[in-house]
Structure formats: structure tokens, C-alpha cells
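Trainee:
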Amino acid sequence: MEPFAIYELNGFGTGTLALCRQPNGPEDFDQIADWQPSVVVTHTQELEFPEIEPSLPMHFLKAEYDWLHLPIVDFGAPDISDWGDNLNNLKATLNAGGRILAHCKGGQGRSGMLLLKLLVSQGEAPETALARIRAVRPHAVETKEQYNWAIKPL
Numbered sequence: 008m009e010p011f012a013i014y015e016l017n018g019f020g021t022g023t024l025a026l027c028r029q030p031n032g033p034e035d036f037d038q039i040a041d042w043q044p045s046v047v048v049t050h051t052q053e054l055e056f057p058e059i060e061p062s063l064p065m066h067f068l069k070a071e072y073d074w075l076h077l078p079i080v081d082f083g084a085p086d087i088s089d090w091g092d093n094l095n096n097l098k099a100t101l102n103a104g105g106r107i108l109a110h111c112k113g114g115q116g117r118s119g120m121l122l123l124k125l126l127v128s129q130g131e132a133p134e135t136a137l138a139r140i141r142a143v144r145p146h147a148v149e150t151k152e153q154y155n156w157a158i159k160p161l
């Protein structure tokens, strides 16, 4: 497993976005806290959570930042109708200058998809946004399905 790292980029105009692999221990959660997110979005399903104590949800629920658990099947994309309010809230956080950290198991596909969706919703061209994300995380947005979901209007 690669060392834990947070890969950051500026929003399109406002805010800060980042992605990382799933945290697996106290040092990873400390690094997240040091990054000072406004919100952390978890895309892993419960069956993918690491076997740690306290559990991954408990680590996030006791934190000083907000936590959203929006699970997506690995290499998949969600139903957009299930995400409307959450996407609008994340976009509002970003537009207010907030800091959004997304993670999935490896910190590439599902996490990259959310970052791409948020950048496109801020008005950035899809290919430009994807290039910026891949400049910090080269394998972000792993499938055509993820890309198509991310560029579809809200």
C-alpha cells in the first residue's frame, strides 16, 4: 500500500479540493485533521472499511469537520438523483472558500470523479479540470462511466 498522502488542488475560482486513499490508522487521521478540511467525503462502502478501532466512521464523527458517507461501488458511478442535495451542499462549501477532501479505497477513481464533478459545476471545462486533477493524481477518474457522470449537468 502506498504511503498516505493528500493530493490538493485549487477550486475553479474558490475553495480547495483534495483526494486521498482511505485512511487506515491514527497517523492518517492526524494528517487529515492537520489539512483542516471543511468536509470529508467517504466513497467506500462499509465492506471496504479497514478493521481499525475506533472504526472509520467513529474517527470521522468525532472530528472537528463534517463527514459525509456517500458510498459508490468501486469503479462505478452513483445515480445522480440520489446526490442532488449533497452535491449542492458541497458546491456551496467550495464556493464559500471551503476545503473538501474526498477519499475512496485508493484515492483515484471515485474520489477523482467527485472532484471533477465539483470543478465542472463551478464552470471549469471538463478536459481542463481532469488534466488539473491528473496533474496531482495521475490515475484519477478511472472509468468512462465515472467521467460521464462527472461532466453531466446537475
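Residue numbering for the sequence shown follows the working numbering, starting at 8 and increasing by one per position. Heads up, the beta-carbon is just placed ideally off N, CA and C, and yes, glycines get one too.
#1: Count the C-beta pairs between the region 47-66 and the region 91-111 that are closer than 8 Å, then say yes if the count reaches three, no if not.
#2: Are residue 16 and residue 118 touching if we call contact CB-CB under 8 Å?
#3: Could you check where the alpha helix (DSSP H) with residue 26 kicks off and where it finishes?
#4: In terms of alpha-carbon separation, which member of 103, 30, 120 lies closest to residue 152?
#5: List in chain order: all unbroken beta strand (DSSP E) runs of 3+ residues lying wholly within the region 46-130.
#6: On a Cα-Cα basis, can you pick out the residue from 82, 83, 73, 36 that is closest to residue 60?
#7: Determine whether the beta carbon atoms of residue 72 and residue 44 lie at a separation below 8 Å.
#8: Roughly how many angstroms lie between the CA atoms of residue 63 and residue 57, to the nearest whole one?
#9: Within this structure, are the beta carbons of residue 101 and residue 32 separated by less than 8 Å?
#10: Express the C-alpha separation of residue 23 and residue 42 in angstroms, rounding to a whole number.
#11: When we look at the beta-carbon of residue 128 and count the other beta-carbons within 10 Å, is it buried (16 or more) or exposed?
Mentor: In terms of the structure at hand:
#1: In this structure the region 47-66 touches the region 91-111; the number of beta carbon pairs closer than 8 Å is three or more.
#2: In this structure, residue 16 keeps its C-beta atom at 8 Å or more from the C-beta atom of residue 118.
#3: That residue, residue 26, is in no alpha helix (DSSP H); its beta strand (DSSP E) goes 23-28.
#4: Between residue 152 and the set 103, 30, 120, the nearest pair of CA atoms involves 120.
#5: If we require 3 residues or more, the beta strand (DSSP E) runs fully inside the region 46-130 come out as 46-49, 73-76, 106-111.
#6: Checked all of 82, 83, 73, 36; the closest Cα to residue 60 is 36.
#7: Taking a C-beta distance under 8 Å as the contact criterion, residue 72 and residue 44 qualify as a contact pair.
#8: When rounded, the distance between both Cα atoms is 7 Å.
#9: For the pair residue 101 and residue 32, the CB atoms are not nearer than the 8 Å cut-off.
#10: Residue 42 and residue 23 have their C-alpha atoms spaced approximately 11 Å apart.
#11: Classification for residue 128: buried.
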